[in-house]
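Everything below concerns the one structure shown next.
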Amino acid sequence: MTLVAPARSTHLTVNGAAVEVAVPGGTRLLDVLRIELGLTGAKEGCGEGECGACTVLLDGQPVNSCLVPVGQVEGRSITTVEGLARDARLDPVQAAFIDSGGVQCGICTPGILMSARAFLDGGVEATDTAVREAIAGNLCRCTGYTRVVDAITNAAAKRPREIAGGQPAVSREIAALGIRSEIEAGSDVRVGAALVRPGTLAEAYALLADGAWRPIAGGTDVMVELAGATHADGQRLLDLTDIDELRGIRVERGCLVIGATTTFAEMRRSRLVSDHLPVLAEVAATIGGLQIQNRGTLGGNIANASPAGDSLPVLLATDAEIVLGGPRGERAVPASEFFTGYRATGRGAGELIVRVEIPLPAARRVRFRKVGTRRALAISKVVMAVSWREAEGAGTAPDAGAPSVWRDVRVAVGSVAPVPMRARAAEAILEDAVPTAQTADRAAAAIAAEIVPIDDVRSTEAYRRAVTARVLRRIVRDAGGW
Amino acid sequence: MTALDTHAPTRMARTAPEVDARPAGTIADPAADARSVPRVDAVPKVLGLARFTDDLVVPGAWHGCTVRATVPHARLLGIERDPGFDWSRVVVLTAADIPGDNVIHLMADDQPVLAADEIQHFGEPVALVAAPTLALARAARDHIRVHADPLPPVLDMLAADHIFASYAIDRGDVEAGFAQADLVVEGTYRTGHQEHIYLEPQSMIAIPRPDGGVTVHGSLQCPYYVHAALKRALKLDADRCVVVQEETGGAFGGKEEFPSGPAIHAAMLALAVGRPVRLIYDRREDISVSTKRHPSVIRYRTGVTRDGRLVAQDIDITFDAGAYKTLSAVVLSRGTLHSGGPYACPNVRIRSRAVRTNTPPTGAFRGFGAPQAEFAAELQADRVAEKLGISPVELRERWAYRLGDRTPTNQELRESVSALDTLRAAARAADFEAQRRVFAAARSIDGGRTVRGIGLAMGWHGAGFTGGGEKYLASVAAVELTAEGRIRVLVDSTEMGQGMRTVLAQIAAQRLGIPLGEVEVARQDTSVVPNSGPTVASRTTMVVGGLLATAADRLRAAVEERAGGPFPATYSADARGNGGLRFDERFDGYPDIVWDETTYVGDAYPCFSWAATTAEVEVDLDTGEVAVRHVVSADDCGTVVNPLMAAGQVEGGTLQGVGYATIEEMKVEGGRFVNDRLATYLIPTAQDAPRITAVLLENPFSNAPHGAKGLGELPMDLAAPAVVAAIADATGVWIDELPATPERILAALDADREEAST
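The listed protein sequences derive, respectively, from chains A and B.
If you read the first sequence in the numbering used here, its first letter stands for residue 2, the second for the next number, and so on.
If you read the second sequence in the numbering used here, its first letter stands for residue 3, the second for the next number, and so on.
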C-alpha cells in the first residue's frame, strides 16, 4: 500500500478561474485568498468561526474560510465577494444592500453578502425569520440588522445594476496592490500544517498507525485550536472528508446509520432523518450558524467530546452506538459508555469514528432542549434530550388523551458534568411512571441532585442545576399535557 | 419614608396639553425620504474592494507583537530572553528604547507607552517584538519572560483609594426637598464592562519616512490624537509624524484614545527595524487589553410628593476607570451631567467619582458615561412610578423637561426641547398602554412557560463636547475649490460606518447647490486635512457639519461674486480661469453659551438630543432567557441630513443597548477579562435582534446653520433601561445590575417566590 504524500499544491476554482496554490494543505483558505491571491474581501474578525466576516461560498454553500484548510477544497469551487459582480454589473443583493442602507462600516458586509447570496440561491421564501436564520452566522455591530434583513428581503425584486464607471476589475486591483506573499518579507503563508487526504479507510488507518497525524473533518474545532497555537507548521492533519466509507445516511437493520463525516447541514436536509429521527435535524439546526453546520460533522462532535457537544445528549438518549474502525476491524461502543472523562473518549489512538448507529424502536418519543446565552451561535449552558416509549398504564383506561406510562426512559444531559451524562436517578423515577406533576417534581429533584455542574465562563453551577431540573420538568409536563 | 395611600388620586397636577396625532417634523419612513441618498462609499464596500488596514500590501513589511504583563499589579523587574531561542532576526524594544517621553499623550499623561517600573494592569505592554514573519514574531514573544514582583491589586471600585476625578453638582436645597416629599425611593444600580466588538480588531501599519519620521496607517477615530501621541513619545516634530486613517471597521469609541498606544508601538518598531511594521491585533488580544465601557455603581434617593411631583434627587456615582485615567474625567462628567435624567427637579445633589483599579483602563464607548447614568435614572423613575401606582408614561409626562426648565447645572433649556414629543411618539408607535394591558391580561390567565412585558425609557444626550470643550478644541473644517475645478471637503473627521463621508458631503453639496457626486471628501491624512476635532461625542454632523455649511456658504458667495453667475453653473470654469479658493472655518463658540468649569454651573451642552424607547420582551420562566421582540426608538436629533443613515444609527445603537441589557457580560477574574473570545463574549446575532422601529423627529438647533444636533450616541442610552423595565413588567422582578442575564433573572425570581411564600 502506498501512503498518501502531503499535497504540495492545491487546485481550486476561485470566482470561476482555475487557480493552483503551492502552500501546505493545512493553510487556512482565508490566508490563501487574502495573502496568496490578493482577494482581501473576506475579513478576519475572530479567526475561530464566530463572526462570519470571512464567509465565502464553497460549491455554493457558505463556510467560514478561517476554518477551512485549503487542502480540503482540492477540485472545488470558491466564490468570494469579489466574484459577485459580473460584467460591470452589481449582483442584485449588492444593489439591495446599497439601496436599503444595509452597509455601514463595511467590514462584515462581504461575509453577509455571501450568506445572503447562498440563501437567495436556495429558493426559500425570504421571510423575516428565514433571512435572520440565514445570516445568524454573520455578526454585525453597526446596523442592528434591520436594514440588512430589509436588503436581503428586497433583493429578490432587484436586477443586476451597472456599476458607475465600470467594474473595478479584481485582476487589475490585484495587480495594482500586489500580492502580499510576494511583496512583503513577512507575509509568508507557507508555514501552515501539512495535510493528507486519503481516499480510503485503509489508507487512513495506515497513516494513523504512524501516530503523528491528527484526524480532521469539518475543522470547526481543530482549526480553532490550531489558530491558537504558535507553531501550526509542526502539525500534520489527516483529512477524512475524501473517504466515501465515512459518508452517507441510511436506514439498515432497524437503525438510522449516519456516516461520521456527515455534516449537520446534511442531517438537516436528510429525508431519512426527518422521517425517522427528526429531533436530530432539530439538534443540527441549533449548532453554530449555517457556516458551521455546512462544515461541522457528527463524528467530529463526538470525537471532540466537549461536555457541551450539542448532538451528544440525543445520541445518549437514543441508545446510539458509536462504531469505531481500525486496522483490525470494527467495534461498536454505546454512546453512554463512550465518553470516559473530560474530553476523553473510548477511541483508541489508531481508530477512527466510522459511523453512528441509532436504533429506531416503535413509538419512541424524543425531546430536545438547548439553553444557551443567545439564540444562535451559542455554546450550551444546559443541553438535554429525553426519550421514552409510551405504553398503556396498568389500570388506566385506554381512552384517547389519558397519559400513558413511560417505558425505556432515557434522560441525557450535557454541560452539567465533565462528560455528557445519563441521569439515571431521574430515569428511574420516570420509568414505568405516568408523567404527572408529582413524577415530574421528583424527577426534577433527582436530576438536580445527580448532575455535577460547575461555575465557568458561560454560566454558574446554581443556574445550571436549577435550569436542568426545570427543563426536565417542562418536558415531562408538556408530555403529560397538564 | 411614608407609605402612600394607594387609593389616593394620582391624577397629575400638571396635565399634558393635547397634542397633534403626530408632532411636526416626524419622519415615519426614513427609507422613503428624498434626503436618504445611498452612502457614497457603499459601492466599494459591497464589491469587497474597500481597503481596511490589514488589507494593505506594504513592501518589505515585518510583523510586530506585544509582550504583556500577566499579573494585575507588580513591580517590574525586567524581561528575560530565552537564551535557547535564535534572536538574530528579531528586534526587541523596551521602555528604555522610547525616543521621547514614555507617555501615551492624552489628558493626564499617566499611561506609559511601555511599563517601566510598575505594572498596573493585566495585559499592560512591557516590550515589543518585530520579526520578518508573523510566526517568528509570535514565537519570539512567547520566548520572553516578564519578571515582576507582585503587589496587592485593587480590584473592587468601592474599595479603591485613588480618585482620578470627581464632581459635585448642587441645585436648590436637597434636604428641604426631601422634607417636602411624601415618598422617598432609594435604589442602587450597577453596570459592568461592555466591550465594543468593532468587527475589525485594532490594526496599525507604520512606515518609516525618508525624513526620519514615520507615517502610521491605521484603524482609528481621531487622527490628531494619534498624531499628538506620536510626536510626544517619538520626539518628532509635527511634520515628520503623519497619521492616515484607513477604512475603519467599526469603532464606537473603542478607536478614540486606544489606538494611540498601538500606533506608537508600531512606529517605534518601524523606526528601530528601518522597515514598515504591521501590528494587527487578533481578537483575543484585542478583547484582553482594549478599553471597555466603565463599570458603575450608582445610588439614588428620590423624593416625590403624593401627587407625583419630583422634589428631590440625591445621586451618588462611582465609575471604575481601571489602571489609568485615559478619558475617565470626561466620561464621568458626561455621566454626572446626565444622571438626573430628562426630568425637571428643583433640588438636586450629585456627587461622582472615577476611581483607579488594577484592571485594564476603561475608556470611550458610545454614550460615554451617559448609558450607565441613564440606566440608573430610568430604573429609578420606574420604581417611583410603581410605588405611586401610575404608568411609566404618566410619570414621565409629569416629570419631563419643558422649554424654559432648568437642569441641575442651572442651564436654562431655551430651545429644541423634545422630551415629551419623543415620549409620545414612542408610546404611540409601540401602542404602549394597550400592549401593557394585553400582556398583563395574558399573564393573569395562565402560568405558561413564557411571559411577556413592555417597558419604556426616555433620555437626553448633550450634543457635542461638554461645557467649554468645543470652544477649547477650536475645530477647523474647510471647503476647497481646487484649481482643477473640483470641490473638496477637508476635515479630519473619520468614517467608521456612521456615515461621515456621506453626510458631510451632502451638507456641502446642499449649501453649494451642486450634485452630491461633485463633492469629494479628502482622505483623513494629517498631512492634508486640518484638525476638525475628534470624531466623537455625537459632534461631527452638528459641529463639523456646521463649520462646513458656513465654509461652503462663503465659498459660494466668493465664487458667485468673482464669476458673476450662480455657483453650480460657474464654479468649475471659474476655478480653471481664476484659480482655486479655499475657506477654512474655525469654531469659535455658540452664542450665549456660558459654562463655568470650576463650579459646574451653566450651559453644560449647547443643546440636547432627546429620545424615548420602548421594548417588548418575552421571558422564559424556566430558564430566565429573554427574547427582545420589538423595540421602538423615537429620536430627535435636530434637522436630519440623511434619514436612512440616521435610522441606521438608531437601529445599531439600539441593538448595542439590547446586548448591554441582556447578554454582554465581561467577566473579570483577578483583574483579567476571562471571556476574551467571540465564543465567550457574546453579542446579539440577527436571530437575537428585535424588530427595531426608528421614528425620527426633527426639532432644529438654531445655532447650527443646518439645524442638526447629535445622534450617534443617543440610541445607546435607552435600550437597556427599556428592556429591564420590560423584564420587570413581565416577571415582577427588577434587575438592578446590567446585564440582566438569565442567571440574575432566575435568582431574582426565586428570591421573589421565597419572599412571597414566607
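Virtual Cβ for every residue (Gly too), placed ideally from N, Cα, C.
Cross-chain neighbours of residue i in chain A, by beta carbon under 7 Å
| i | result |
| --- | --- |
| B/G252 | C106, I108, R142 and C143 |
| B/V676 | V458 |
| B/G650 | G102, Q105, T144 and R148 |
| B/R37 | By Cβ distance, chain A contributes nothing, its closest Cβ being about 12 Å from B/R37, past 7 Å. |
| B/V689 | Checking the sequence, you will find Gln at residue 689 of chain B rather than Val. Within 7 Å Cβ-Cβ: R133, E134, A137, R376 and A377. |
| B/M647 | G102 |
For residue j and residue i, believed in contact at Cβ under 8 Å, the rounded distance
| i | j | result |
| --- | --- | --- |
| B/A372 | B/E258 | With 8 Å as the limit, B/A372 and B/E258 do not qualify as a contact, their Cβ atoms being about 15 Å apart. |
| B/V633 | B/A431 | Not quite, the Cβ-Cβ distance comes to about 10 Å (not below 8 Å), so this is no contact. |
| B/T293 | B/F260 | 5 Å |
| B/E796 | B/H340 | A question about residue 796 of chain B goes unanswered here, because the residues of chain B that appear run from 3 up to 760. |
| B/M206 | B/P264 | 5 Å |
| A/I293 | A/G61 | The pair is not a contact, with the Cβ atoms about 17 Å apart (cut-off 8 Å). |
Residues that residue i contacts on chain B, provided the C-beta gap is smaller than 7 Å
| i | result |
| --- | --- |
| A/E185 | V59, V60, P61, G62 and A63 |
| A/I380 | A681 |
| A/C52 | L201 and L680 |
| A/T461 | E745 |
| A/P63 | Those do not exist, as A/P63 stays about 14 Å from chain B at its closest Cβ, beyond 7 Å. |
| A/P1 | No information on residue 1 of chain A is available, as it lies outside the stretch 2 to 483 that chain A covers here. |
| A/A1 | Summary: the structure shown does not reach residue 1 of chain A, with chain A confined to residues 2 through 483, and so no result is reported for it. |
Contact under 9 Å by Cβ, residue i with residue j
| i | j | result |
| --- | --- | --- |
| B/V2 | B/P362 | An answer regarding residue 2 of chain B cannot be provided, because it is not within the stretch 3 to 760 covered by chain B. |
| B/L201 | A/I108 | yes |
| A/L196 | A/A157 | no |
| B/D637 | B/T424 | yes |
| B/V809 | B/R404 | Outside the modelled stretch of chain B, which goes from 3 to 760, sits residue 809 of chain B, for which no answer is possible. |
| B/V621 | B/R454 | yes |
| A/G200 | A/D151 | no |
| A/M115 | A/L85 | yes |
| A/N155 | A/A97 | yes |
| A/L239 | A/A261 | no |
| B/Y474 | B/R398 | no |
9 Å Cβ cut-off: residues of chain D touching residue i
| i | result |
| --- | --- |
| A/L114 | Although the question refers to chain D, the structure presented lacks it and instead comprises the protein chains A and B. |
beta-carbon residue i near the ligand ADP non-hydrogen atom, thresh 8 Å
| i | result |
| --- | --- |
| B/V493 | As for the ligand ADP, it is missing from this structure, which has no ligand bound. |
Partner residues on chain A for residue i, Cβ-Cβ distance less than 9 Å
| i | result |
| --- | --- |
| B/G499 | V104, Q105, C106, G107, I108, R142, C143 and T144 |
| B/E249 | C106, G107 and I108 |
Within chain B, partners of residue i - CB distance below 9 Å
| i | result |
| --- | --- |
| A/V372 | D622, D624, T625, E627 and P744 |
| A/I164 | V45 and L49 |
| A/T81 | G50 |
Interface residues of chain A facing residue i [CB-CB closer than 8 Å]
| i | result |
| --- | --- |
| B/A98 | Within 8 Å Cβ-Cβ: nothing; B/A98 doesn't reach chain A, min ~25 Å. |
Check each residue of the region 198 to 216 of chain B: if its Cβ is closer than 8 Å to any Cβ of chain A, include it; give the result in chain order.
-> H198, I199, Y200, L201, E202 and P203
Which residue spans inside the region 214 to 302 of chain B form an unbroken beta strand (DSSP E) run of at least 3?
-> 216 to 220, 243 to 247 and 279 to 282
Near-chain B residues of the region 85 to 99 of chain A - C-beta to any C-beta below 9 Å = L85, A86, L91, D92, V94, Q95, A96, F98 and I99
If you scan the region 334 to 386 of chain A from start to end, which runs of the alpha helix (DSSP H) of 4 or more residues do you find wholly inside it?
-> 336 to 339
If you measure beta-carbon to beta-carbon, which residues of the region 252 to 267 of chain A are closer than 9 Å to chain B?
-> none
Pick out the complete beta strand (DSSP E) segments inside the region 198 to 285 of chain A, 3 residues or longer, and give them in chain order.
-> 215 to 217, 237 to 240, 250 to 253 and 256 to 260
Scan the region 538 to 601 of chain B and note each continuous alpha helix (DSSP H) run of 4 residues or more that stays entirely inside, going in chain order.
-> 547 to 565 and 569 to 580
Mind listing, in chain order, the continuous beta strand (DSSP E) runs of no fewer than 3 residues lying wholly within the region 325 to 398 of chain B?
-> 350 to 358
Residues within the region 684 to 714 of chain B neighbouring chain A, beta-carbon criterion of under 7 Å | L684, I685, P686, T687, A688, Q689, D690, A691 and I694
Contained beta strand (DSSP E) runs [length at least 3] in the region 401 to 441 of chain A, N- to C-terminal order = 406 to 415
Near-chain A residues of the region 284 to 298 of chain B (beta-carbon distance less than 7 Å), N- to C-terminal order = D284 and R285
Give the residues from the region 467 to 494 of chain B that approach chain A closer than 9 Å (Cβ to any Cβ), ordered along the chain.
-> none
Only counting runs of 4 or more residues, tell me where the alpha helix (DSSP H) segments fall wholly within the region 461 to 485 of chain B, in order along the chain.
-> 471 to 475
Just list the alpha helix (DSSP H) runs in the region 100 to 152 of chain A, keeping only unbroken ones of 4 residues or longer that don't cross its boundaries, in chain order.
-> 110 to 122 and 129 to 135
Can you list, in chain order, the stretches of the alpha helix (DSSP H) that have 4 or more residues and sit fully within the region 38 to 62 of chain B?
-> 44 to 49
Residues of the region 721 to 741 of chain B whose Cβ lies closer than 9 Å to any Cβ of chain A, in chain order = none
Name the residues in the region 63 to 77 of chain A whose C-beta lies less than 8 Å from a C-beta of chain B; which are they?
-> none
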